[in-house]
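For the sequence shown, the positions run 109 to 331 when this note's numbering is used. Data block below; observations after.
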Amino acid sequence: MNYLQSAGNIMMKLVFPNFCLSCNKDIDHAILCNPCLDKLEVTTHQNLINDVHFSEFIDEAYVCWWYNNILQEVIHKMKYSDRARIGLEMGHLAANNFEASVYKQLDYITAVPLHHIKNRERGYNQAMWIAKGFAKEVGIPMDSTIIKRKIHTISQTTLDREERLQNMENAFVTSRPLKELKIGIIDDVLTTGATMSACAKALKKNGAAHVTALTLATPIINH
Ligand SMILES: [Zn+2]
109 MNYLQSAGNI MMKLVFPNFC LSCNKDIDHA ILCNPCLDKL EVTTHQNLIN
159 DVHFSEFIDE AYVCWWYNNI LQEVIHKMKY SDRARIGLEM GHLAANNFEA
209 SVYKQLDYIT AVPLHHIKNR ERGYNQAMWI AKGFAKEVGI PMDSTIIKRK
259 IHTISQTTLD REERLQNMEN AFVTSRPLKE LKIGIIDDVL TTGATMSACA
309 KALKKNGAAH VTALTLATPI INH
């Protein structure tokens, strides 16, 4: 490294200090230091669709990592700050972890719209940033407008469990016909699959041929 490069690095550090999201160690770039990155537990990357509780309308489901302490911290921080950078980087990392067979047939990548009214008020969607990072890395077009949450969804709190599920099932619409397209939907965490299934339902109703769920992490099946 020559003098100018190292002076440049020092300047960058002064202007953009960068710390590992998990252990706070000073790092040059990226979001996790190498030892913390090594603590991420990669899944087998098999299609987990048979382990998803609400799997209707979803054809395949892939998860990059098991939901462990490090992932929890990363996802938590992504919800509250610096979501663009963390989301892009996690999408990029996930893309590099998956085999191309997981996504190569997809025509579009999209993201689960904002989950809760609370998030909507905050006005950002971390899943969209993950999807952007992922799509860029794998070279598939990303269109965050394909799925939209219906604006007038009845308040969940006044409904019983059955009504809540029905409300959720019909919570999404698509913005255009999706004739025979194969769509990959990205989210941060896969739990029951209810949201993903509701998104897939809207896509299939509007002509999508195939829906693949792609998520960073899951706590549902651990080892
Ligand atoms: Zn670290």
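Even glycine gets a Cβ: it sits at the ideal position worked out from N, Cα and C.
In this structure, does DSSP put residue i in helix, strand or coil?
i      : result
TYR211 : coil
ALA160 : For clarity, residue 160 is Val in the given sequence; the question names Ala instead. Coil, per DSSP.
THR282 : strand
LYS309 : helix
LYS256 : strand
ALA115 : helix
HIS331 : Unreliable placement is indicated for HIS331, whose pLDDT of 44 sits below 50; no coordinate value is reported for it.
ALA317 : coil
Where does the unbroken beta strand (DSSP E) through residue i begin, and where does it stop?
i      : result
TYR170 : 168-174
LYS187 : LYS187 -> not in any beta strand (DSSP E); alpha helix (DSSP H) instead, spanning 177-188.
Could you check how far apart the C-beta atoms of residue i and residue j are, in whole angstroms? I think they sit under 8 Å.
i      : j      : result
GLU168 : ILE157 : 6 Å
PRO221 : ILE255 : 6 Å
GLY199 : GLU245 : 7 Å
VAL319 : LYS313 : Their Cβ separation, rounded to whole angstroms, is 11 Å, which puts VAL319 and LYS313 out of contact at 8 Å.
GLU181 : ILE139 : About 10 Å; that fails the 8 Å criterion.
LEU179 : LEU324 : 7 Å
SER283 : THR253 : 5 Å
Based on the DSSP output, what are the partners of residue i in its beta bridges?
i      : result
ILE294 : ALA219 and LEU322
PHE65  : In the structure as shown, the chain begins at 109 and stops at 331. Residue 65 is therefore absent and cannot be evaluated.
MET250 : ILE217
Just tell me which of the options has its CA closest to the CA of residue i.
i      : options                           : result
SER130 : GLY116, MET119, LEU148 and SER114 : LEU148
ALA302 : PRO285, MET276, PHE280 and LYS312 : MET276
GLN154 : GLU271, ILE166, ASN142 and VAL171 : VAL171
LEU289 : ASP251, ALA279, LEU273 and THR265 : ASP251
ASP136 : PRO125, LEU145 and ASN278         : PRO125
ASP296 : THR266, TRP237, VAL281 and THR152 : TRP237
ALA55  : PHE242, GLY116 and THR300         : The requested residue 55 is not part of the displayed model; the chain covers only 109 to 331.
ALA219 : PHE280, PRO143, ASP134 and ASN176 : PHE280
Kindly indicate the opening and closing residues of the alpha helix (DSSP H) around residue i.
i      : result
LYS244 : 234-246
PRO143 : 142-146
ALA200 : For the sequence presented, residue 200 should be read as His rather than Ala. It spans 191-205 - the alpha helix (DSSP H) in which HIS200 sits, taken as one unbroken run.
GLN274 : 269-277
Taking CB distances under 7 Å as the criterion, tell me whether residue i reaches chain D.
i      : result
VAL182 : Judged by its chain identifiers, the structure shown contains no chain D, having just a single protein chain.
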